[in-house]
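Here's the structure, in structure tokens; my notes come after.
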Amino acid sequence: MTRKYEKTQQAVEKLDELQFRVTQHGDTEPPFRNTFWDHKEEGLYVDVVSGEPLFSSANKYDSHSGWPSFTRPVHDEYVTEHSDNSHGMIRTEVKSRHGGSHLGHVFPDGPRDQGGLRYCINSASLRFVPKDRLEEEGYGEYLDLFENSEKNSGRHERAQSDSQEETAILAGGCFWGMQDLFRKQPGVLRTRVGYTGGHTSHATYRDVKKGDTGHAEAIEVVFDPRLTSYRKLLEFFFIMHDPTTKNRQGNDIGDSYRSAIFFANEAQEKTARDLIAEIEASAVLPGSIQTEVIKASRFHEAEEEHQDYLEKHPWGYTCHWVRPEWALKNKMTES
7 MTRKYEKTQQ AVEKLDELQF RVTQHGDTEP PFRNTFWDHK EEGLYVDVVS
57 GEPLFSSANK YDSHSGWPSF TRPVHDEYVT EHSDNSHGMI RTEVKSRHGG
107 SHLGHVFPDG PRDQGGLRYC INSASLRFVP KDRLEEEGYG EYLDLFENSE
157 KNSGRHERAQ SDSQEETAIL AGGCFWGMQD LFRKQPGVLR TRVGYTGGHT
207 SHATYRDVKK GDTGHAEAIE VVFDPRLTSY RKLLEFFFIM HDPTTKNRQG
257 NDIGDSYRSA IFFANEAQEK TARDLIAEIE ASAVLPGSIQ TEVIKASRFH
307 EAEEEHQDYL EKHPWGYTCH WVRPEWALKN KMTES
């Protein structure tokens, strides 16, 4: 059956605010708080604007990224690739061919036995058609995709069972901006902000602001080492804040805004010290690195109002941005 897939003004007008921002302006929805990241029903995922078939549940797996992930599209002809150099990264954006919708990105870190690709897609770009409604909605020709769904599911479960988690704890100024940038990095599973590195057994935002607790505003980054590395996260850390200013980040002054790496083990400490030496030798920064490298201690989770602050308040204060020119001669470790 041949269908005509196209973008119409009527379809665009039906989009809700998030769908519009994602599909028309290339925004990214929050991980783990979207419709399809943990959706397991059999069926077809089509473009929310044009209706063109994009992905099948038979090729969906849990990448632990918080977004729907697929090993391949239903048809390559319906998914186009484009270079994306935003946020200080070099990525491959994917769009729907006829709808022109921003879908997400494709990464070369998917299950190796299924091609090695991970299509990381925004739920807001998709509409789900259940298997038992495919015929009714004109997608009957895709029913055969689900004949081997049990076999595919078994492969997906094996890929998921290999999951691992590691943690990085970093300080580099106001934790609002740090969390907003780190949560978007490939391989990051979840983040939370808090206070650490001080001498008091209790810490609150008000206490730390007084400047006598020794604690720094910090971020805890939980990541999958199969998808990224501790070094790669540190490389990003050194270009998303200014490590050359002591006890200061932008207009925020005081030891609670210091730059610090709180290592969990000897391997993390070595990685941090080796990278700092490499960056210093490259002279790529405007000054010498003031970042402390110290053993991690208790991490005090910050109040709920500070968690994901810039998601709740998109126009809120931040003093963080990515500085690509500070990367190691643009040779940051590839994932």
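As numbered in this note's numbering, residues 7 to 341 make up the sequence shown, in order. The beta carbon of each residue, even a glycine, is placed where N, CA and C say it ideally should be. Remember, predicted model here, so these are calculated numbers, not experimental data.
Residues sharing a beta bridge with I267, DSSP: Numbered from its first residue, the sequence shown carries residue 267 at position 261. DSSP lists L176, V299 as partners of I267.
For E272, the nearest candidate out of Y236, S265, E286, S69 (CA to CA): Residue 272 sits at position 266 when you count from the first residue of the sequence shown. It is Y236 whose Cα lies nearest to the Cα of E272.
Cβ of Y67 within 9 Å of any chain D Cβ: Among the protein chains of the structure shown there is no chain D, as only one such chain exists.
C-alpha distance - K215 paired with S71, whole-angstrom precision: Counting from one through the sequence shown, the residue named residue 215 turns up at place 209. Counting from one through the sequence shown, the residue named residue 71 turns up at place 65. Roughly 33 Å between the two C-alpha positions.
Bounding residues of the beta strand (DSSP E) (the contiguous stretch that carries E226): Translated into positions along the sequence shown, residue 226 becomes position 220. First-last of the beta strand (DSSP E) with E226: 222 to 229.
Where S89 falls, given that 16 or more other Cβ within 10 Å makes a residue buried: Along the sequence shown, read from residue 1 onward, the residue named residue 89 stands at position 83. The residue is exposed, with fewer than 16 neighbouring Cβ atoms inside 10 Å.
Whole alpha helix (DSSP H) elements within the region 195 to 260, 4-residue minimum: 211 to 216, 236 to 246
Sub-9 Å separation of D266 and G200 beta-carbons: The count along the sequence shown starts at 1 and reaches residue 266 at position 260. The count along the sequence shown starts at 1 and reaches residue 200 at position 194. Note on identity: in this sequence residue 266 is Ala, with Asp being the wrong assignment. Against a cut-off of 9 Å, the Cβ pair of G200 and A266 comes out as no contact.
E87 and G32 closer than 9 Å at C-beta: Sequence index remark: in the sequence shown, residue 87 carries index 81 (1-based). Sequence index remark: in the sequence shown, residue 32 carries index 26 (1-based). In this structure, G32 does not lie closer than 9 Å to E87 by Cβ.
Which residues DSSP lists as bridging C126, in chain order: Looking up residue 126 in the sequence shown gives position 120. Paired residue(s): S75, H111.
Cβ pair count under 8 Å reaching 3, the region 42 to 55 against the region 131 to 147: yes
Sufficient close CB pairs (3 or more, under 8 Å) joining the region 184 to 192 to the region 275 to 284: no
Limits of the beta strand (DSSP E) - the one that F305 falls within: Numbered from 1 along the sequence shown, position 299 holds the residue referred to as residue 305. Careful: F305 lies outside any beta strand (DSSP E) and carries neither H nor E.
Through-space distance from L24 to E147, alpha-carbon basis: What you label residue 147 is simply residue 141 of the sequence shown in a count that begins at 1. What you label residue 24 is simply residue 18 of the sequence shown in a count that begins at 1. Rounded to the nearest angstrom, the two C-alpha atoms are 31 Å apart.
Residue environment, K238, which counts as buried when at least 16 other CB atoms sit within 10 Å: Residue mapping note: residue 238 aligns to position 232 of the sequence shown, counting from 1. Buried is the call here.
Cα-Cα separation, F42 to R212: As a working note, residue 42 is residue 36 in the sequence shown. As a working note, residue 212 is residue 206 in the sequence shown. Their backbone Cα atoms lie some 38 Å apart in a straight line.
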